[in-house]
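Reading through the structure tokens given below for one structure.
The following block contains the structure:
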């Protein structure tokens, strides 16, 4: 029996939608009096027993037989005997004889069961852990499942451990594998276990520790106190102790021979220096085994049981939970002995850090010389992974008696873990430092790491304060780190949409000198000899390039501060120098900032180039913590450039990278970008999913830029579907002046959409005010599309004369053609111009504009905008436009437009405003629509339109 996912009721299952559907399909087969079988396979603790219990509880069509096996060595046909005993108990019959005189075949089991139930409904046989049954019984079950008796149907629901899923006895049976629970299902389970008292950060830690295993999550929730779950007290370490892991996975390890378990302990210990690595060195493990007198062949039973995989070079456990069980399931003295043995067989000259790490893991108390040796071996520049450095420094901290040195080493270990893309480990290490006991410099470094973590996964207001504290504490002794803290504080304020806080973070402070020798730039500072260099240390990319006459850091700070103060013209020279330097730079953080400078200048192609170069550098160097953020910047720049396919590709990759690196704030930004791309492509479901996911993270974390982008995506989707009232309601609060408005760097980009929605919904006065504000912003030259968009907006609010004609023509003249973004915006202008021309009774001119718009929208991959354009073309009498589906083809173009808007829930007044006609005209057309289609209510019309346009039968 495996760990349960049942809480309170035997029928509560978390997640498992596909798995429960498969079980339900088997039940439906039995209700139809057809036999069937289903094999559920899973690792221990994933809930296969719980799923079996639920199936047994919910099956009411016929009897449920759940055989109970006796403990000990199974007897031949003991499983079948247990099944017949369950049948006898179900039908109050005498138990069967204890042995079978001959072998059984597939036809025998239905006949034996029929002896206990001559008639009635087909039974559901539920066998848990069928791999524990004796071989003859398994063979009978498998044969019965493969050759069902149509006259005596039986349902067989069997569970089996994952590594036995390919048992020959069950070959050909339908198989469902239970994977780990996803985060939403695991969160629901944890909520039921612990209630609403679980702190957000604690929940994230528990979900990560459990790795989607329900049994481990149950053990965690039962172990922790309410104060620990609520975040009021530190969590115990390790979170899952050896006893809890052994209770779940011990059944996989206990049957193995003692030499095999010893070899597995060596393999698990070899993994400890870098738990995230893909396996451990097989040569090292086997050499240690020989040194201990173990035959390397002792690993074979573990491979046969699929506990580990040995490819000749690496030994890899089937799961990290199995590895942790093998390591923590033995006394600490055995673990230390394993590390001591590994240390003796490692080539200490070639692998000095790993040799010292195993010595340290074998140590039993403070050891100052060993700790110092670990710190020296983990220094920047030595050939090893970031996670191995983090492990070395954290172990050095454990061996250190002096509190200040211990804090410095823990902080450096946390920073290495963060840079390696493991923020949870970084937070655990920071939590082990003691506040209030360290000098300012050390406290500043701790706050710098804490703020950097919160910037990517936490409330950005907290990140801003932590980073400012770090800058203040580090300023006197480490100007380089203080500058980095201020730059990251500015990033936090930018994400929060607080321009004043951005300016404050960019306040003038002493700048560290640029190094003349680029090889010295990554050397650790004297204040923190074990601290890693951060991405963005100011190294000249090309040693042969002379030092710049302008300090790029000062240019960036000065230019950005001046731009945020509203003086873009004065800021342009400094920011342009930052952008120009990026042509030959190879520092990913500087390249990111060059991308920001380019966006502020309105040089969108340059922003794309700088971010693409940053991505190439980051990938080449394996910068796991920086790559998600670079992908977010690149996707946003491509979105601004109108390269929607590229933006989608990079945002999807960035979303995966952000999840791997534990950076929810970055993931929220990627969701918002994907929502905006979907709003162009008219994927309403994708807009809802991505915008909802973005806002769910962004609102509690104070990410105003992400919220504004997500709301803009929702509004643009409404606008392209002909719902201007909804679009105006969303964008109004974001674009109006005053408190509660949208992000300062995004709201003006969304303002043309608001003007269009406001005009179409009758709020012309509000639209005119917005146009005037947009005009002031466009005059600064911050967006190359702004002049054309301004002309279009002025055309929308122009009086009912020919003024709009000239303004639309001006907008088309101004629209840039050197970017794909120009194509999309030009098409939108052509569409609005075509609408205006049609209403001015100039159909021939309207057709030309609308045809151009249709081609452009199709080229941009914007099907909803293209369909809106086709509808306008049909209204001009263009026979080439695609006809509507089904009986809707009998409507005139204007009737069709009105029918669609009414079907979406619009009132007659709203339809009139969106189509620029009177409510009486709408009422007249609507009566004709009802007569033509034979409907008597708006509800019937809505149902008919939906049916016709989603591929249903013609009405």
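Residue numbers (the numbering used here): 218 to 1172.
Ideal placement from N, C-alpha and C gives every residue a C-beta, glycine not left out.
Of the listed residues the options, nearest to residue i (C-alpha basis)
i, options, result
"residue 1160", "1144, 1145 and 1117", "1117"
"residue 443", "410, 499, 841 and 428", "410"
"residue 323", "359, 697, 990 and 957", "359"
"residue 484", "892, 511 and 597", "511"
"residue 391", "257, 343, 271 and 474", "257"
"residue 235", "417, 712, 278 and 394", "394"
"residue 369", "569, 1068, 351 and 339", "339"
"residue 705", "501, 723 and 909", "723"
"residue 617", "644, 585, 630 and 639", "585"
"residue 995", "865, 818 and 447", "818"
"residue 436", "1153, 286 and 455", "455"
"residue 450", "419, 433 and 478", "419"
"residue 1010", "527, 997 and 1050", "1050"
"residue 260", "1046, 872 and 539", "539"
"residue 1017", "997, 1056 and 700", "1056"
"residue 682", "696, 279, 695 and 702", "702"
Residue i (DSSP reduced to helix, strand or coil)
i, result
"residue 1119", "helix"
"residue 530", "coil"
"residue 817", "helix"
"residue 599", "coil"
"residue 434", "helix"
"residue 1158", "helix"
"residue 377", "strand"
"residue 342", "strand"
"residue 834", "helix"
"residue 1026", "helix"
"residue 467", "helix"
"residue 310", "coil"
"residue 1079", "coil"
"residue 372", "strand"
"residue 894", "helix"
"residue 1152", "coil"
"residue 912", "helix"
"residue 963", "coil"
Supposed contact pair residue j and residue i - C-beta distance, whole angstroms, cut 8 Å
i, j, result
"residue 973", "residue 951", "The Cβ separation is near 15 Å, so there is no contact."
"residue 574", "residue 492", "Not quite, the Cβ-Cβ distance comes to about 12 Å (not below 8 Å), so this is no contact."
"residue 609", "residue 594", "7 Å"
"residue 607", "residue 634", "4 Å"
"residue 984", "residue 976", "5 Å"
"residue 691", "residue 658", "6 Å"
"residue 378", "residue 348", "5 Å"
"residue 893", "residue 926", "6 Å"
"residue 294", "residue 329", "Contact flag wrong, Cβ pair sits at about 11 Å."
Closer than 8 Å to chain B by CB, residue i
i, result
"residue 1043", "Here there is only one protein chain, and chain B is not present."
Which complete alpha helix (DSSP H) runs does the segment 474-516 hold, if anything under 4 residues is left out? Here the runs fully enclosed are 475-488 and 499-508.
Quick check: the segment 817-828 against the segment 839-856, are there 3 or more CB pairs under 8 Å? Counting Cβ pairs under 8 Å, three or more are found: they touch.
Which ranges does the beta strand (DSSP E) cover as unbroken runs of at least 3 residues, wholly within the segment 849-892, from first to last along the chain? Counting whole runs of 3 or more residues, the segment 849-892 contains no beta strand (DSSP E) stretch at all.
I'd like the ranges of any alpha helix (DSSP H) spanning at least 4 consecutive residues and lying wholly in the segment 627-679. Counting whole runs of 4 or more residues, the segment 627-679 contains the alpha helix (DSSP H) stretches 640-648 and 657-673.
Counting Cβ pairs closer than 8 Å, one from the segment 516-524 and one from the segment 395-414, do we hit at least three? The segment 516-524 makes no contact with the segment 395-414; the number of CB pairs closer than 8 Å stays below 3.
Are the segment 1057-1066 and the segment 988-1003 touching by the rule of at least three beta carbon pairs closer than 8 Å? Cβ pair count under 8 Å is below three, so no.
For the segment 432-443 against the segment 492-504, do three or more pairs of beta-carbon atoms, one drawn from each stretch, fall closer than 8 Å, so that the two count as touching? As far as the Cβ criterion goes, the segment 432-443 does not touch the segment 492-504, which means the pair count is below three.
Does the segment 504-514 come close enough to the segment 575-589 to have 3 or more Cβ pairs within less than 8 Å? Contact between the segment 504-514 and the segment 575-589 is absent, because fewer than three Cβ pairs lie under 8 Å.
Within the chosen definition, does the segment 242-249 reach the segment 351-366 through at least 3 CB pairs nearer than 8 Å? Segments in contact, no.
At least three beta-carbon pairs within less than 8 Å, the segment 457-477 to the segment 300-307: No, because fewer than three Cβ pairs between the segment 457-477 and the segment 300-307 fall closer than 8 Å, the two stretches do not touch.
The segment 925-941 touching the segment 899-913, judged by at least three CB pairs closer than 8 Å: With a cut-off of 8 Å, the segment 899-913 and the segment 925-941 count as touching, because enough Cβ pairs lie within range.
With a threshold of 8 Å, are at least 3 pairs of Cβ atoms found where one atom belongs to the segment 541-552 and the other to the segment 444-460? The segment 541-552, when compared against the segment 444-460, does touch it at the 8 Å Cβ threshold.
Tell me the start and end of each unbroken alpha helix (DSSP H) in the segment 922-954 that is at least 4 residues and wholly inside, in chain order. List check, alpha helix (DSSP H) in window: 941-952.
On the three-pair Cβ rule with 8 Å, is the segment 1015-1031 touching the segment 799-817? The segment 1015-1031, when compared against the segment 799-817, does not touch it at the 8 Å Cβ threshold.
May I have a chain-ordered list of the beta strand (DSSP E) segments no shorter than 3 residues that lie completely inside the segment 377-434? Within the segment 377-434, the runs of beta strand (DSSP E) that reach at least 3 residues and sit entirely inside it are, in chain order, 392-394.
Is the segment 908-917 close to the segment 938-952, with three or more CB pairs under 8 Å? The segment 908-917 is not in contact with the segment 938-952.
Starting from the N-terminal side, write out each stretch of the alpha helix (DSSP H) that is 4 residues or longer and does not extend beyond the segment 544-602. Counting only runs of at least 4 residues, the segment 544-602 fully encloses the following alpha helix (DSSP H) elements, listed from N- to C-terminal order: 549-562, 569-579 and 585-594.
Quick check: the segment 1125-1133 against the segment 1144-1164, are at least 3 beta-carbon pairs closer than 8 Å? The answer is no - the segment 1125-1133 does not touch the segment 1144-1164, with fewer than three Cβ pairs under 8 Å.
Determine contact between the segment 800-809 and the segment 596-604, defined as no fewer than three beta-carbon pairs at a distance below 8 Å. No contact exists between the segment 800-809 and the segment 596-604.
Length-filtered (3 minimum) beta strand (DSSP E) runs lying within the segment 230-286: Counting only runs of 3 or more, we get 253-259.
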